[in-house]
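**Student:**
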Amino acid sequence: MTGHETTRGLLFVASGRAHAEAASRARASFRDHAPDLQACLFTDVPEAAEGFEILREVPDAHRRSKVDCMPLTPFDRTLYVDTDTLALAEVTPVFDLLDRFDMAAAHVATWSRPSQNRSWEGGVPYVFPQVNSGVLLYRSDGAAMRLLENWREAYHRAREEAGIGTDQATLREQLWQAQDLKLYILPPQWNKRMFEASELIYSDQPRPIIVHVLGLRPPKTAWQRLVRGAITRLAPRRWRHRGPLGPDER
Numbered sequence: 450m451t452g453h454e455t456t457r458g459l460l461f462v463a464s465g466r467a468h469a470e471a472a473s474r475a476r477a478s479f480r481d482h483a484p485d486l487q488a489c490l491f492t493d494v495p496e497a498a499e500g501f502e503i504l505r506e507v508p509d510a511h512r513r514s515k516v517d518c519m520p521l522t523p524f525d526r527t528l529y530v531d532t533d534t535l536a537l538a539e540v541t542p543v544f545d546l547l548d549r550f551d552m553a554a555a556h557v558a559t560w561s562r563p564s565q566n567r568s569w570e571g572g573v574p575y576v577f578p579q580v581n582s583g584v585l586l587y588r589s590d591g592a593a594m595r596l597l598e599n600w601r602e603a604y605h606r607a608r609e610e611a612g613i614g615t616d617q618a619t620l621r622e623q624l625w626q627a628q629d630l631k632l633y634i635l636p637p638q639w640n641k642r643m644f645e646a647s648e649l650i651y652s653d654q655p656r657p658i659i660v661h662v663l664g665l666r667p668p669k670t671a672w673q674r675l676v677r678g679a680i681t682r683l684a685p686r687r688w689r690h691r692g693p694l695g696p697d698e699r
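Count along the sequence shown starting at 1, add 449, and that's the number in my numbering.
1) Specify, as a first and last residue, the run of the alpha helix (DSSP H) that Thr-619 falls within.
2) Return the CA-CA distance between Leu-632 and Leu-665, expressed in angstroms with no decimal places.
3) Between Ala-497 and Arg-526, is the Cβ-Cβ spacing less than 8 Å?
4) Starting from the Cα of His-511, find the closest Cα among Asp-493, Glu-602, Val-573 and give me that residue.
5) Would you mind stating whether Val-573 and Arg-608 have Cβ atoms separated by less than 8 Å?
6) In this structure, what does DSSP give as the bridge partners for Glu-447?
7) Start and end of the beta strand (DSSP E) containing Asn-658?
8) The beta strand (DSSP E) with Gly-458 in it runs from where to where?
9) Using 8 Å as the threshold, is the C-beta distance between Ile-659 and Asn-640 below it?
10) Does the distance from the CB of Glu-539 to the CB of Ala-483 come in under 8 Å?
11) So for Leu-694, helix, strand or coil by DSSP?
12) My output table needs one value for Arg-608: the three-state DSSP class, helix, strand or coil.
13) Run the CB neighbour count on Met-519, radius 10 Å, all protein chains shown included, and call it buried at 16 or more, exposed below.
14) In the region 498-567, which residue ranges form an unbroken beta strand (DSSP E) of at least 3 residues, counting only runs that do not cross its ends?
15) Find out if the Cβ-Cβ distance for the pair Ala-684, Leu-537 is shorter than 8 Å.
16) With DSSP run on the structure shown, which of helix, strand or coil describes Val-580?
17) Should Leu-663 go down as buried or exposed, given a rule of 16 or more other Cβ atoms within 10 Å for buried?
18) Under three-state DSSP, which class holds Arg-476?
19) Roughly how many whole angstroms lie between the Cα atoms of Pro-578 and Ser-514?
20) Residues in the same chain with beta-carbon distance under 6 Å from Val-462, minus the five sequence neighbours each way, listed in chain order, please.
21) Ordered along the chain, which non-local residues of its own chain (more than five positions away) have a Cβ less than 6 Å from that of Leu-547?
22) Could you tell me the distance, in whole angstroms, from the CA atom of Val-676 to the CA atom of Met-643?
23) In angstroms with no decimal places, state the Cα-to-Cα distance between His-661 and Glu-610.
24) What would DSSP say about Ile-650, mapped onto helix, strand or coil?
25) Between the Cα of Gly-571 and those of Asn-581, Arg-595, Ala-618, Leu-596, spot the shortest distance and give me the residue it belongs to.
26) Is it buried or exposed for Asp-590, if we count other Cβ within 10 angstroms and need 16 for buried?
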């Protein structure tokens, strides 16, 4: 009898052609650094997608379809990423965290803002901020799957009963309530949303691994298209990783 081989992969969710094309661009950046890492895309326009080993249909597509699709991952260990991301290094080492933890995510960079610190049912301490759901690492069993299923239910209830269309408010509450979940907080370089002047000046600052910024979203104007092109060209040059992730990569 042979043991089950643990599968690992990337998960994307994209509704509409523009987002499916953005997912394809993001997927290409991850393949540049980890060509053997499989990727699955949930989408309602599979004809617009390129570079995915697995394509699945989005059930009842809406703006936050990821809450419905994350529990349906085909992998044992999943790194979910939004379509407005850009990989600057190999991400496969992060999966090793799931030997010890059920889930991992980075804090929302501006978590102290009222809009980022909101809740639905309440009861969550101020010092337990939201995590950003755009880069989420998780196991496909036990506490992690219970969390994802509870989050899906809470999100839809909050949207229907209170008009809360964002997903991170309910994710924050479900994480607080999940007493059996082993959660690891990723360094911000794994979900890089904001840049400080020191990161542009000093070479000993940790390099971003996954860039996740508004400028990578599907452009609606020529200016936005120029910004996206500049980010995809310049970020890999400025924060080049010269080897495998680790203390000796410099």
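Built from N, CA and C at the ideal position, the CB exists for glycine as well.
**Tutor:** On the basis of the data shown:
1) 617-626
2) 28 Å
3) no
4) Asp-493
5) no
6) Coverage of the chain is limited to positions 450 through 699, which leaves residue 447 absent and any answer about it impossible.
7) It should be pointed out that residue 658 corresponds to Ile in this sequence rather than to Asn. It is not in any beta strand (DSSP E) - Ile-658 carries neither H nor E in the DSSP assignment.
8) 457-463
9) yes
10) yes
11) coil
12) helix
13) buried
14) 503-506, 526-530, 534-536, 552-556
15) yes
16) strand
17) exposed
18) helix
19) 23 Å
20) Phe-491, Ser-514, Lys-515, Cys-518
21) Arg-526, Arg-588
22) 15 Å
23) 30 Å
24) helix
25) Ala-618
26) exposed
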